[in-house]
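> According to my numbering, the sequence shown is numbered sequentially starting from -10.
Virtual Cβ for every residue (Gly too), placed ideally from N, Cα, C.
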Amino acid sequence: MHTDPKHPSPLVAASRVLAVGSLLGLIVLSLLWELWLAPLRPGGTWLALKALPLCVPLAGLLKNRMYTYRWVSLMVWLYFTEGVVRAYSDTAPGNWFALAETLLCLSLFTACALHVRLRLTGLKESI
């Protein structure tokens, strides 16, 4: 397995693309959901601010920092929990957006966990 950061293995590169895509999807979904598509109150709510913490790890994922992948895989469970609760408590169409949030969270967690595992395995093989 390649450990060269400039030329990662195809699986490492794919997990990175999936992680960044899932994170961007969560940011866009959070903003659209809470401001225009199905806000809790007409005209949007302050709940759209939940997208801000998701913007923090974006730079670390884009720079391929291992530490960021590790803590994002823990932080994402807060959004997963919100998605599950709102999927059962909100009415349509809000519950559909909550389900989409839940699926994006699972995708992000899986991509981060796989990315870390593949990179650590690559490091052990090169030693």
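1. Hey, is the region 103 to 115 in contact with the region 58 to 66, meaning 3+ C-beta pairs nearer than 8 angstroms?
2. Which residue wins for smallest C-alpha separation from Arg54, given the options Pro(-1), Arg5, Trp25, Lys113?
3. May I ask you to report which of helix, strand or coil DSSP gives Ala89?
4. Ser(-2) lies in the alpha helix (DSSP H); which residues open and close that run?
5. Leaving out five residues before and five after Trp22 in sequence, what residues of the same chain have Cβ atoms less than 7 angstroms from its Cβ?
6. Measuring CB atoms only, is the region 8 to 28 touching the region 85 to 101, in the sense that at least three cross pairs come out at less than 8 angstroms?
With the given structure in hand:
1. Touching, per the Cβ criterion.
2. For the purposes of this step, residue 54 is taken as the residue at position 65 of the sequence shown. Nearest of Pro(-1), Arg5, Trp25, Lys113 to Arg54, Cα basis: Arg5.
3. What you label residue 89 is simply residue 100 of the sequence shown in a count that begins at 1. In the three-state scheme derived from DSSP, where H, G and I count as helix and E and B as strand, Ala89 is classed as helix.
4. Looking up residue -2 in the sequence shown gives position 9. Taken as a continuous stretch (DSSP letters only), Ser(-2) belongs to no alpha helix (DSSP H), as it is neither H nor E.
5. Numbered from 1 along the sequence shown, position 33 holds the residue referred to as residue 22. Once the five neighbours on either side are set aside, the close Cβ partners of Trp22 are Phe86.
6. yes
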